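Chains as they are written, first to last, in my numbering: chain X, 36 to 198; chain F, 3 to 111.
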Amino acid sequence: MSEPFDGDSMTGSSGDAAGSGSSGGAAVPGPFGDEGTSGPSGGDGMSYEAPDDLRAVRVFVTERALALGMSEARIDLLTLAVSELTTNTLQHTTGGGHIRLFVDGGRLVCDVVDRGAERPFGRAMPSAEAVGGRGLAIVERICDDVYTTTVPGGTLVRICLDL
Amino acid sequence: MGNFEARTSAGPGRITVTLAGECDLAAREHLTAILLDALTRARAVFVDLARLTFMDSSGVHSLITAHHAAKHTGAHIYVVNAAGPVASVLELTGVGALLRAPAEERRHV
Chain X
36 MSEPFDGDSM TGSSGDAAGS GSSGGAAVPG PFGDEGTSGP SGGDGMSYEA
86 PDDLRAVRVF VTERALALGM SEARIDLLTL AVSELTTNTL QHTTGGGHIR
136 LFVDGGRLVC DVVDRGAERP FGRAMPSAEA VGGRGLAIVE RICDDVYTTT
186 VPGGTLVRIC LDL
Chain F
3 MGNFEARTSA GPGRITVTLA GECDLAAREH LTAILLDALT RARAVFVDLA
53 RLTFMDSSGV HSLITAHHAA KHTGAHIYVV NAAGPVASVL ELTGVGALLR
103 APAEERRHV
């Protein structure tokens, strides 16, 4: 994907590999240590800590995904998945969380890091009559890949959607 | 605050709750309270989703909470006019089929 100017970032590059140098201005402030194993750094992240932040999270995800070349129909799915994961943070953990978006190998990747435990993926969609428990099942239905792993200070959930 | 809105209007034997904006965790308790209140006043509550631009499992939680309250008293709650991403969520979860209004009722909405 060719990357147009990224308005909220000092460094415009968030494509694969290129620009991995430390040209400054790349530190992402946030409550969590950056494990630094993958993805570019830059203005590609956002923190959230309250239900009233969720709408801003979706706006952020929409703008980033558009800039990264995703179609609007796919963005609707991406924002739903991210909304479910960030809601999950607010309902089941303390201290909020942080998201990051980037493109890797033709896929849009969103990392969600919070202080919660590893998420129990792999469960079926609850019945229509069930009051709750749908969030993670929705995420799994929508995304092309979902991973969860512990990272220093919490848990990372990584979702991938083909561009 | 978000941009979520809910407006209630009463007709003969029914209440229509018209939603607009985005329905997420920030709106959940508000929506649940409105739906439960409507169910105390009418045996049929229609939730019009035409102007709702986003809903996630938080909104589904409210709808199903109201659905169970309705079952308790012999009332019904129906969703109508879902489109786009809102319709996708209802389909993905099976809740759209569960809360679909009977055909003869849909014509009046």
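A virtual CB, placed ideally from N, CA and C, is assigned to each residue, including glycine.
No experiment lies behind these values; they were computed from the predicted model shown.
Determine contact between the stretch 145-158 of chain X and the stretch 117-126 of chain X, defined as no fewer than three beta-carbon pairs at a distance below 8 Å.
Short answer: they touch.
Cα-Cα separation between P87/F and G189/X, rounded to whole angstroms
Walking along the second sequence from the start, residue 87/F turns up at place 85. Walking along the first sequence from the start, residue 189/X turns up at place 154. Just so you know, the alpha carbons of P87/F and G189/X end up roughly 31 Å apart.
Please say whether A105/F and H78/F have beta carbons closer to each other than 8 Å?
Here residue 78/F refers to the residue found at position 76 when the second sequence is read from its first residue. Here residue 105/F refers to the residue found at position 103 when the second sequence is read from its first residue. Taking 8 Å as the Cβ cut-off, H78/F and A105/F do not qualify as a contacting pair.
Going by alpha carbons, who is nearest to L65/F out of P14/F, G15/F, H32/F?
Within the second sequence, residue 65/F is the residue found at index 63, counting from 1. When the alpha-carbon of L65/F is set against those of P14/F, G15/F, H32/F, the nearest one is in H32/F.
Note down, in chain order, all residues in the stretch 85-100 of chain X with a beta-carbon under 9 Å from any beta-carbon belonging to chain F.
Flagged, chain order: A85, P86, D87, D88, L89, R90, R93.
Is it buried or exposed, A8/F, if we count other Cβ atoms within 10 angstroms and call 16 or more buried?
Numbered from its first residue, the second sequence carries residue 8/F at position 6. By the neighbour-count definition (other C-beta atoms within 10 Å, threshold 16), A8/F is a buried residue.
So for F6/F, helix, strand or coil by DSSP?
Start at 1 with the first residue of the second sequence, and residue 6/F comes out as number 4. In the displayed model, F6/F falls within coil according to three-state DSSP, outside both helix and strand.
Hey, is E24/F's beta-carbon within less than 8 Å of any beta-carbon in chain X?
Your numbering for residue 24/F matches position 22 in the second sequence. By the rule that beta-carbons nearer than 8 Å mark a contact, E24/F touches chain X.
Host beta strand (DSSP E) of T129/X (start-end):
On the first sequence, residue 129/X is found 94 positions in, with the first residue counted as 1. Note, T129/X: premise wrong, no beta strand (DSSP E); not H, not E.
Have a look at the DSSP bridge pairing and note the partners of L143/X.
Residue 143/X sits at position 108 when you count from the first residue of the first sequence. For L143/X, DSSP records a beta bridge to V138/X, L196/X.
Alpha-carbon to alpha-carbon, G131/X and P14/F
Taking the first residue of the second sequence as position 1, residue 14/F is located at position 12. Taking the first residue of the first sequence as position 1, residue 131/X is located at position 96. Each residue's Cα considered, the two are about 46 Å apart.
Considering only their Cβ atoms, is the gap separating D26/F from L89/X smaller than 8 Å?
The sequence position of residue 89/X within the first sequence is 54, counting from 1. The sequence position of residue 26/F within the second sequence is 24, counting from 1. In this structure, D26/F lies closer than 8 Å to L89/X by Cβ.
For L191/X, does the three-state DSSP call read helix, strand or coil?
Residue mapping note: residue 191/X aligns to position 156 of the first sequence, counting from 1. Three-state result, L191/X: strand.
Would you grab the beta carbon distance between A116/X and L143/X for me? Rounded to a whole angstrom, and I think it's under 8 Å.
Against the first sequence, residue 116/X aligns to sequence position 81. Against the first sequence, residue 143/X aligns to sequence position 108. Not really, about 11 Å apart at Cβ, beyond 8 Å.
Distance cutoff 8 Å, beta carbons only. Does G131/X sit that close to anything in chain F?
In the first sequence, counting from the first residue as 1, residue 131/X sits at position 96. It does not; no Cβ of chain F falls within 8 Å.
Could you check whether the Cβ of I194/X sits closer than 8 Å to any Cβ belonging to chain F?
As a first step, residue 194/X must be located in the first sequence, where it is residue number 159. Under the 8 Å criterion on CB atoms, I194/X is classed as non-interfacial with respect to chain F.
If you measure from the beta carbon of T190/X to each beta carbon in chain F, is any gap under 8 Å?
Taking the first residue of the first sequence as position 1, residue 190/X is located at position 155. Answer no: the Cβ-Cβ gap between T190/X and chain F never drops below 8 Å.
Counting only Cβ pairs nearer than 7 Å, list the residues of chain X close to T67/F.
Counting from 1 along the second sequence, the entry for residue 67/F is found at position 65. Ordered by position in chain X, the residues that pass the 7 Å Cβ test against T67/F are V166.
Mind checking if D111/X is an interface residue toward chain F, Cβ cutoff 8 Å exclusive?
Numbered from 1 along the first sequence, position 76 holds the residue referred to as residue 111/X. At a cut-off of 8 Å, the C-beta of D111/X has a neighbouring C-beta in chain F.
Where F156/X sits in the DSSP three-state scheme
Position 121 of the first sequence, counted from the start, is the residue given in the question as residue 156/X. The answer is coil: DSSP assigns F156/X none of H, G, I, E or B.
Which of the three DSSP states is assigned to E84/X in this structure?
Here residue 84/X refers to the residue found at position 49 of the first sequence. In the three-state scheme derived from DSSP, where H, G and I count as helix and E and B as strand, E84/X is classed as coil.
Answer with buried or exposed for A40/F, where buried requires no fewer than 16 other C-beta atoms within 10 angstroms of its C-beta.
Taking the first residue of the second sequence as position 1, residue 40/F is located at position 38. The residue in question, A40/F, is buried, as its Cβ has 16 or more Cβ neighbours within 10 Å.
According to the Cβ coordinates, are G170/X and S59/F closer than 8 Å?
Taking the first residue of the first sequence as position 1, residue 170/X is located at position 135. Taking the first residue of the second sequence as position 1, residue 59/F is located at position 57. Taking 8 Å as the Cβ cut-off, G170/X and S59/F qualify as a contacting pair.
Do you know whose CA, among A72/F, A103/F, F48/F, lies nearest S11/F's CA?
Within the second sequence, the letter at position 9 stands for residue 11/F. Sorting A72/F, A103/F, F48/F by C-alpha distance to the C-alpha of S11/F places F48/F at the top.
Please tell me whether T18/F has its Cβ less than 8 Å away from any Cβ of chain X.
Mapped onto the second sequence, residue 18/F falls at position 16. With its beta carbon at least 8 Å from every one in chain X, T18/F lies outside the interface.
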